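Enquirer: Just dropping this structure here.
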Amino acid sequence: MSVDLHPRHGASQALHTIQQQGPWTRHCSTFASGGRHPTGTRLGGEQAGAAMASGLTSTQVDQSRDRYGANVMPEPPRPHPLRMLAAQLTHLLAVLLWVAAALALVAGMPAISVAIVVIILLNGGFAFWQEFRADRSAQQLRALLPVRARVVRDGRLTTVEVADLVVGDHVLLEAGDRVGADMTVVASSGLSLDESMLTGESAAVRHGPDEQVMSGTFVLEGDGAATVSAVGSGTALAAIAHLSETAIRPPSPLTVQLNAVVRVVAFVAAGTGVALGVGSVLLGLGLTEAFLFGVGVTVALVPEGLLPTVTLSLARGAQLMAARHALVRRLDAVETLGATTYICTDKTGTLTQNRMNVVAVDTPAGRVTVSGSGYEPEGTLDGTPDAVRAVPAAAAAALSCVTGRTVRHETGWVAEGDPMEAAIHALALRAGVVDPADGERLPYSPDRMLSSHLVDGRVSVLGAPEAVLARCLATPADLGRRLDDLTGQGFRVVAVAGRDWDGPLDPAMEHDLAFLGLLALQDPPRPDVHAAVTSCRRAGIRVAMITGDHPRTGQAIAEQVGLLDPEGVVLDGSALPEDDAELAEALDHPGGAVVARATPAAKFRIARVLRERGHVVAMTGDGVNDAPALREADVGVAMGASGSDVAREAADLVLLDDHFATIVAAVQLGRATFMNVRRSLTFHLTDNVAELAPFALWALTGGSFPLAIGVLQVLALDIGTDMLPALALGSEPAREGIMKGTRRRSLVDRGVLVRAFLVLGVTEAMLSLGAFAVILVRGGWAWGETPPAGLLALASGTAFATIACCQIANSFACRSTSRPVWRLALASNRLLLGAVAAEALLLAVFVGFPPVADVLGGAWPSTLGWAMALGAGAVLVGVDGLVKLSRRLQTGHEQRDQGPVPSGPRAPGPASRVG
1053 MSVDLHPRHG ASQALHTIQQ QGPWTRHCST FASGGRHPTG TRLGGEQAGA
1103 AMASGLTSTQ VDQSRDRYGA NVMPEPPRPH PLRMLAAQLT HLLAVLLWVA
1153 AALALVAGMP AISVAIVVII LLNGGFAFWQ EFRADRSAQQ LRALLPVRAR
1203 VVRDGRLTTV EVADLVVGDH VLLEAGDRVG ADMTVVASSG LSLDESMLTG
1253 ESAAVRHGPD EQVMSGTFVL EGDGAATVSA VGSGTALAAI AHLSETAIRP
1303 PSPLTVQLNA VVRVVAFVAA GTGVALGVGS VLLGLGLTEA FLFGVGVTVA
1353 LVPEGLLPTV TLSLARGAQL MAARHALVRR LDAVETLGAT TYICTDKTGT
1403 LTQNRMNVVA VDTPAGRVTV SGSGYEPEGT LDGTPDAVRA VPAAAAAALS
1453 CVTGRTVRHE TGWVAEGDPM EAAIHALALR AGVVDPADGE RLPYSPDRML
1503 SSHLVDGRVS VLGAPEAVLA RCLATPADLG RRLDDLTGQG FRVVAVAGRD
1553 WDGPLDPAME HDLAFLGLLA LQDPPRPDVH AAVTSCRRAG IRVAMITGDH
1603 PRTGQAIAEQ VGLLDPEGVV LDGSALPEDD AELAEALDHP GGAVVARATP
1653 AAKFRIARVL RERGHVVAMT GDGVNDAPAL READVGVAMG ASGSDVAREA
1703 ADLVLLDDHF ATIVAAVQLG RATFMNVRRS LTFHLTDNVA ELAPFALWAL
1753 TGGSFPLAIG VLQVLALDIG TDMLPALALG SEPAREGIMK GTRRRSLVDR
1803 GVLVRAFLVL GVTEAMLSLG AFAVILVRGG WAWGETPPAG LLALASGTAF
1853 ATIACCQIAN SFACRSTSRP VWRLALASNR LLLGAVAAEA LLLAVFVGFP
1903 PVADVLGGAW PSTLGWAMAL GAGAVLVGVD GLVKLSRRLQ TGHEQRDQGP
1953 VPSGPRAPGP ASRVG
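To convert, take the position in the sequence shown, counting from 1, and add 1052; that gives the working numbering.
What follows is the structure, given as structure tokens:
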């Protein structure tokens, strides 16, 4: 739709032409007449009116675009899909497998080499697809900038794409619009914006002529006309987005620990291969054969199944988080969430509902308590008769100064416009006040900290108590005490006053006022936040509120949701300690912390100093200003429903429902994923002990004791029988109590090593070697002799079957570090049951299908061999149960599956509240 506004028709004719075109008519008519705008500011004359009425010409638009560029936000640096895929194929664990594949090829095992390469490619492709799909999903959430804007060009009111806006364009703004570029307001009528995306302040901000409005902000109410002053990369929004890109994302705890495991495994595998290669030479083996043997041993000791096990465990955790409304953008963020020791969270909309409600009115005659739910008009007033009678006057005066309203939708009563102003409207309805007549309004400005309204000779003023009360002729003697009482409870307080005025709209009317009342507004916490914060504390996770609101408000909300204890700290973001160590110590308080009036730089610094103190930090945020801190944190958590696009791009996790409780659920799933990786790692390490033992015994005896299993059999165990149970352990459901106590910080610790190497691994090795020796001895073998080929194949097949049966039992034993197998519900992990059935089938193929068995070097075991193999599994379960019982008797209680909890970062001494 467009309307002719060309100056040749004259300003009056142009104004007549667009008389029905909405607020633009009002603004342009003000310019053309040279009159006073409803804001009370004198706005130009005929020349200004003609300029605004005509807007830029097409030539000027082209010139401006050539000079300042298109109004397009610079795309964040996004890796090419091929680079993302390459990253999944070249991390340290993948490199180890590539080396193993190359060595297998050199050793004359092309089939094994191909199998390892296939594992690397399948795993890398799967991990790439998971992260690529999550990234695409996050991109689909882009909704920060509006699609279209209404501008005046060539004398016509027209609608253009936001990307087509240029510097100098004259733009019409109305309630519901998102500002598409940085602009200078030329005219306004009650223009109020939500700037929380940029500033972190939850309160609506009024804007009048000559004031700046920023790209990405949201028009809550009123309307106005503005001139574009900056576009695209020149906007404040782009500057903040660029700041977020400068933060280097730290490696996740899982990445660091897996790299350490890989280094150890590589050292052990290479060292063992070299030692056995040298030993075989000393035993008379040729150099070529010894080299190939050493290479084969090295390849065999590399846990080929560990990479897909870790990847699929993380993918499973990501899927479960998606079901809980948490979108994971990086797989390793799943585990990092489980390692979180400190959560920095916003207040408005995350801990609270962003649903303002007037809960008290302090009138000159006393306090009145207001009851009512949300924005519903029904409610009661409780106070002395004189105080209750004074409420309608205060409510009416406040209502006349605002334009936000509570309206009834199909889903109930909701705010239309600023939530605070809708709450004032709800108060007026509860007090029986009807909407006031239209009049003239002086909007809120930061210097005055109030707004006013004039109609029928009556002035109403609404604003910050310190601003309004200073303009009143008289106030109750105890009003200061009452105000302190309200702010001390965390209520947002505004003051209302009024007076008679016979003159025109003028700032002088805002003085010599009569005090009408204080309105105390509450933004209620989300109902499930208190339980979520309590769960964090039980888990040893410290929580801090980082907000742009007043310290008293933040403190009260934090106390209501259980985030702040009496000994907790409240810091003013404008006066944080300059020393990083001092700041980290103040924040690292067991009683909780609140940082109010926080700036983007302060949030960034907070994330950095907490990480330097040893914490794994999760930082939540929804605004553009949060993006740098989200990247600096170990886990950046953005809001999907209300968050900005820049924040979502910087985040590792996107909460689709914006609920703080979803973070806690994600932490629980992250801990469960971490435990599953530990289970799978224990399973693999146990198998490696049983696989290494035959080679070690052969070498230590100088070849007098035959080699129980060969290199190909070891690879068949790693890639064949063990793979599926290890993957199924990655789907083990979370245990009750997983959110009690600080989570283990190490993937491989003393508990894992003792369990894998000294309990399960040694037991499995002894049982398999014992079964091998029994078959040899019963076949007539004597120490130092070379057994016949048939007997060796039979014994080797028995040893292979024994290890496989032990690993089946081991898969059940690894489900818990504290409970024996018989106390676990088998049906709680159906995937493991299927994996065990598949392993049994593969075992039958490996020892019973002649073509395969001949290649591997084993044969179908005898009845005695099967009896020993199956019995070995039962023995391993029994040994595991006895060790767990012994540990339980020593500690006097049944330990949680997470095991003993080491101390986290040191706790600081008592800190005082400041701010």
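Even glycine gets a Cβ: it sits at the ideal position worked out from N, Cα and C. Note that this is a predicted model, so its numbers are computed, not measured.
What does residue 1688 pair with, by DSSP beta-bridge criteria?
Expert: DSSP lists 1671 as partners of residue 1688.
Enquirer: Pick helix, strand or coil for residue 1093, following the three-state DSSP scheme.
Expert: Unreliable placement is indicated for residue 1093, whose pLDDT of 31 sits below 50; no coordinate value is reported for it.
Enquirer: Since residue 1511 is in the beta strand (DSSP E), which residue starts that stretch and which ends it?
Expert: 1510 to 1515 is the extent of the beta strand (DSSP E) around residue 1511.
Enquirer: Hey, how far is the Cα of residue 1659 from the Cα of residue 1482?
Expert: If I take the Cα positions, the gap works out to 44 Å.
Enquirer: Skipping 5 residues on each side, what residues in its chain have a beta carbon closer than 6 Å to that of residue 1505?
Expert: Once the five neighbours on either side are set aside, the close Cβ partners of residue 1505 are 1452, 1453, 1491, 1493 and 1512.
Enquirer: Tell me where the beta strand (DSSP E) around residue 1881 begins and ends.
Expert: No beta strand (DSSP E) contains residue 1881, which DSSP labels as neither H nor E.
Enquirer: My output table needs one value for residue 1866: the three-state DSSP class, helix, strand or coil.
Expert: Of the three classes helix, strand and coil, the one that applies to residue 1866 here is coil, per DSSP.
Enquirer: What's the gap between the Cα of residue 1720 and the Cα of residue 1638?
Expert: Roughly 27 Å separates the two Cα atoms.
Enquirer: Around the C-beta of residue 1765, are 16 or more other C-beta atoms found within 10 angstroms, so that it is buried, or is it exposed?
Expert: Buried, since its Cβ has 16 or more Cβ neighbours within 10 Å.
Enquirer: Compute the Euclidean distance between the alpha carbons of residue 1623 and residue 1385, then round it to the nearest angstrom.
Expert: Distance between the alpha carbons of residue 1623 and residue 1385: 29 Å.
Enquirer: Using the Cβ count rule (16 or more neighbours within 10 Å means buried), how would you classify residue 1132?
Expert: Per the 10 Å Cβ criterion, exposed.
Enquirer: Would you mind stating whether residue 1313 and residue 1916 have Cβ atoms separated by less than 8 Å?
Expert: In this structure, residue 1916 does not lie closer than 8 Å to residue 1313 by Cβ.
Enquirer: Please report how far the alpha carbon of residue 1829 lies from the alpha carbon of residue 1921, in whole angstroms.
Expert: Each residue's Cα considered, the two are about 17 Å apart.
Enquirer: Assuming residue 1746 and residue 1760 are in contact, meaning their beta carbons sit under 8 Å apart, how far apart are those beta carbons, in whole angstroms?
Expert: 4 Å between Cβ atoms; contact.
Enquirer: Where residue 1685 and residue 1604 are concerned, what is the direct C-alpha to C-alpha distance, given to the nearest angstrom?
Expert: Approximately 26 Å between the Cα atoms of the pair.
Enquirer: Is the Cβ-Cβ distance between residue 1715 and residue 1708 less than 8 Å?
Expert: Cβ distance not < 8 Å, so residue 1715 and residue 1708 don't count as in contact.
Enquirer: Of the residues 1523, 1539, 1542 and 1537, which one's Cα is nearest the Cα of residue 1548?
Expert: Of 1523, 1539, 1542 and 1537, the residue nearest in Cα terms is 1523.
Enquirer: Tell me which residue opens and which closes the beta strand (DSSP E) that residue 1650 is part of.
Expert: Taken as a continuous stretch (DSSP letters only), residue 1650 belongs to no beta strand (DSSP E), as it is neither H nor E.
Enquirer: Could you tell me whether the stretch 1721 to 1732 touches the stretch 1404 to 1418, using the rule of 3 or more Cβ pairs below 8 Å?
Expert: No, they do not touch.
Enquirer: Please list, in chain order, all residues of the same chain as residue 1749 whose beta carbon is under 7 Å from its beta carbon, the five residues on each side excluded.
Expert: Closer than 7 Å at Cβ, skipping near neighbours: 1757 and 1821.
Enquirer: Could you check which residue in 1446, 1527, 1517 and 1462 has the C-alpha nearest to that of residue 1488?
Expert: Minimum Cα distance to residue 1488 is reached at 1446.
Enquirer: Thinking C-alpha only, which one of 1703, 1910, 1259 and 1755 is nearest residue 1381?
Expert: With distances taken between Cα atoms, residue 1381 lies closest to 1703.
Enquirer: Can a CB atom of chain D be found closer than 8 Å to the CB of residue 1481?
Expert: The structure shown has no chain D; it contains just one protein chain.
Enquirer: Below 8 Å on the Cβ atoms is my contact criterion, and I expect residue 1290 with residue 1284 to pass it. Report the Cβ-Cβ distance as a whole number of Å.
Expert: About 7 Å separates the two Cβ atoms, so the contact holds.
Enquirer: Taking the alpha-carbon of residue 2036 as reference, which of 1408, 1662, 1598 and 1905 has the nearest alpha-carbon?
Expert: Coverage of the chain is limited to positions 1053 through 1967, which leaves residue 2036 absent and any answer about it impossible.
Enquirer: If you draw a straight line from the C-alpha of residue 1503 to the C-alpha of residue 1277, how long is it?
Expert: Cα to Cα, the separation comes out at about 20 Å.
Enquirer: Along the beta strand (DSSP E) that carries residue 1224, what are the first and last residues, could you check?
Expert: Looking at the DSSP string, the run of the beta strand (DSSP E) that includes residue 1224 is 1222 to 1226.
Enquirer: Among 1858, 1895 and 1259, whose alpha-carbon lies nearest the alpha-carbon of residue 1736?
Expert: It is 1858 whose Cα lies nearest to the Cα of residue 1736.
Enquirer: Among the candidates 1762, 1905, 1608 and 1873, whose CA atom is the shortest distance from the CA of residue 1537?
Expert: With distances taken between Cα atoms, residue 1537 lies closest to 1608.
Enquirer: Tell me which residues share the same chain as residue 1904 and place their Cβ nearer than 7 Å to its Cβ, disregarding the 5 neighbours each side in the sequence.
Expert: The answer, listed in chain order, is 1897 and 1898.
Enquirer: When the distance is taken between beta carbons, is residue 1545 closer than 8 Å to residue 1517?
Expert: Yes, the Cβ-Cβ distance between residue 1517 and residue 1545 is below 8 Å.
Enquirer: What whole-angstrom Cβ distance do residue 1205 and residue 1110 have, given they're in contact under 8 Å?
Expert: Contact flag correct, Cβ pair sits at about 7 Å.
Enquirer: What are the partner residues of residue 1409, as DSSP defines its beta bridges?
Expert: DSSP lists 1574 as partners of residue 1409.
Enquirer: Looking at the structure shown, is residue 1264 part of a helix, part of a strand, or coil, going by DSSP?
Expert: The answer is strand: DSSP assigns residue 1264 an E or B state.
Enquirer: Spatial neighbours of residue 1656 within its chain, please: C-beta separation below 6 Å, excluding the five flanking residues on both sides.
Expert: Contacts found: 1680, 1681 and 1684.
Enquirer: How many angstroms separate the CA atom of residue 1741 from the CA atom of residue 1813?
Expert: Distance between the alpha carbons of residue 1741 and residue 1813: 5 Å.
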